[in-house]
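Notes follow the structure.
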Amino acid sequence: MSGSASGWQSLGRISRAEIDCERSLSCGQTFSWARLHDGSWIGVVGTAAYRITPEKEDYAIESLRGSRQALLDYFASSVDWTRVAHALPSDPVLASAWVAGQGIRILAQDPWEALASFLCSPVKPIPEIRRITWMLRAEWGRPIAGSRLCTFPAPEALASAPGEALLARRLGFRARSLQAVARLLAEDPDFFPRLGTQSTGEARAHLCELPGVGRKIADCVLLFGLGRYDAFPIDIWMERLLRKLYFAHRKEVSARRIAEFAAAHFGPYGGYAQQLLYFWYRRSAGRNPARELALSPEEEAQLGL
DNA sequence: AGCATTCCTCACAA
DNA sequence: ATTGTGAGGAATG
Numbered sequence: 000m001s002g003s004a005s006g007w008q009s010l011g012r013i014s015r016a017e018i019d020c021e022r023s024l025s026c027g028q029t030f031s032w033a034r035l036h037d038g039s040w041i042g043v044v045g046t047a048a049y050r051i052t053p054e055k056e057d058y059a060i061e062s063l064r065g066s067r068q069a070l071l072d073y074f075a076s077s078v079d080w081t082r083v084a085h086a087l088p089s090d091p092v093l094a095s096a097w098v099a100g101q102g103i104r105i106l107a108q109d110p111w112e113a114l115a116s117f118l119c120s121p122v123k124p125i126p127e128i129r130r131i132t133w134m135l136r137a138e139w140g141r142p143i144a145g146s147r148l149c150t151f152p153a154p155e156a157l158a159s160a161p162g163e164a165l166l167a168r169r170l171g172f173r174a175r176s177l178q179a180v181a182r183l184l185a186e187d188p189d190f191f192p193r194l195g196t197q198s199t200g201e202a203r204a205h206l207c208e209l210p211g212v213g214r215k216i217a218d219c220v221l222l223f224g225l226g227r228y229d230a231f232p233i234d235i236w237m238e239r240l241l242r243k244l245y246f247a248h249r250k251e252v253s254a255r256r257i258a259e260f261a262a263a264h265f266g267p268y269g270g271y272a273q274q275l276l277y278f279w280y281r282r283s284a285g286r287n288p289a290r291e292l293a294l295s296p297e298e299e300a301q302l303g304l
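Residues 0 to 304 (numbering that gives the first Met the number 0) make up the first sequence, in order.
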């Protein structure tokens with residue numbers, strides 16, 4: 000692992016007080032990272048691999064073909080997160096989530112990778128989404144020299160993949176929309192750049208025109224892939240949380256009304272509130288996000304780290 | 001009153 | 001732990 004023989008390079012350390020990498024990687028926004036048995040995290044950003052090892056006061060960072068700055072950019076380190084937090088409404092629920100989620104960052108992910116990953120997500124638990132997307136990488140991505148980790152496959156790669164092979168990756172009904180979207184984007188490389196010039200609402204509408212993409216997946220892409228911090232993805236967990244804590248379990252309140260409330264209440268940085276709340280609520284429900292992203296011994300052995 | 005339209009909810013399959 | 005569709009009913013005008 001250490002030394003230049005393996006190709007991994009040390010990129011120094013990152014202060015725990017600055018960023019909580021573990022929380023940021025396990026609060027539901029990315030499937031590109033996994034935890035190893037020694038407690039370190041391994042993941043791919045673009046064409047680079049990173050390993051983040053928690054220590055007492057900080058994290059040790061190593062990389063293959065990456066840079067310290069690229070990793071800091073991925074953790075959106077130039078955003079003033081305290082300011083973002085101050086722009087959120089002050090309510091008791093959010094106050095608790097803020098305490099529990101200190102150090103959480105919205106990662107600056109690739110929009111295609113976010114879109115394709117969340118197209119794999121319907122009715123799947125997080126560990127399985129992680130496995131499926133890693134299988135897509137292994138089959139159709141490009142290996143990162145010096146490791147057995149792979150980049151996320153480009154739209155063209157998935158567009159031309161045999162349908163049966165996609166289905167064999169345990170994609171089920173998700174294969175159809177994933178491949179259809181891959182083909183559309185392979186033909187339209189300007190798709191994401193175009194969204195950059197549009198309002199969040201317009202961009203959301205265009206995303207929702209893609210097969211298999213509804214409000215939830217569109218909001219995930221907007222928030223995690225396009226840096227639209229006003230997007231507030233509502234999955235089953237968030238709906239339960241909002242219903243319970245902001246609507247006193249009132250059964251007659253529709254999902255639509257809950258979404259309207261969330262947009263109005265949490266405001267232009269609601270996406271950050273969503274991550275804080277999601278992390279806090281799932282933890283209170285007994286979920287262990289880090290464990291959900293742990294590699295099996297077999298998977299870890301296959302990586303040959 | 002009858003009719004068209006819109007909106008909402010639910011259930012179900014993929 | 002999402003989306004797309006279609007049926008059925010209430011509200012709207």
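For each residue, glycine too, the CB sits at the ideal point set by N, CA and C.
Note that the structure is predicted; figures quoted are calculated from it, not measured.
- Between the C-alpha atoms of D57 and Q301 there is a straight-line separation of about 28 Å.
- Nearest to P192 by C-alpha distance, out of W236, G140, W111, is W111.
- Looking at the DSSP output, G42 shares a beta bridge with W32, Y49.
- Bridge pairing for E61: S9, R50 [DSSP].
- Relative to the Cα of Q28, the nearest Cα in the group L304, Y245, L292, E299 belongs to L292.
- Here V98 is exposed: its Cβ has fewer than 16 other Cβ atoms, across all protein chains shown, within 10 Å.
- Contact between the stretch 196-205 and the stretch 172-186 is not established, with fewer than three Cβ pairs separated by less than 8 Å.
- A Cβ-Cβ contact shorter than 9 Å links F151 with V43.
- Residue environment: A94 is assigned as exposed (fewer than 16 neighbouring CB atoms within 10 Å of its CB, all protein chains considered).
- Under the criterion of beta carbons closer than 8 Å, G162 and A174 qualify as touching, at roughly 6 Å.
- Non-local beta-carbon contacts of G38 in its own chain, meaning distances under 8 Å to residues more than five positions away in sequence, involve T52, P53 in chain order.
- Distance between G65 and R242, taken at the CA atoms: about 42 Å.
- Between V83 and I18, the alpha-carbon positions lie close to 14 Å from each other.
- Relative to the Cα of C149, the nearest Cα in the group D218, L24, R141 belongs to R141.
- Under the three-state reduction of DSSP output, P142 falls in the strand class.
- Beta-bridge pairing by DSSP links S14 to D57.
- A47 is not a Cβ neighbour of D72, given a cutoff of 9 Å.
- Shown here, C149 sits in a strand according to DSSP, grouped into three states.
- Its Cα nearest to that of A156, the residue A115 stands out among L194, G145, A115.
- For P188, the number of other beta carbons within 10 angstroms of its own is below 16, and it is reported as exposed.
- In the three-state scheme derived from DSSP, where H, G and I count as helix and E and B as strand, A230 is classed as coil.
- Beyond the five residues adjoining it in sequence on each side, L177 comes within less than 8 Å, by CB distance, of A115, L118, C119, L157, L165, L170, G211 in the same chain, given in chain order.
- Secondary structure of A293 (DSSP, three-state): strand.
- In this structure, G270 sits away from D109, with a CB-CB distance that is not shorter than 9 Å.
- Within 10 angstroms of the beta-carbon of Q273 lie 16 or more other beta-carbons, which makes it buried.
- One alpha carbon belongs to R281, the other to D218, and they sit about 19 Å apart.
- Rounded to the nearest angstrom, the gap between the Cα atoms of S14 and A96 is 22 Å.
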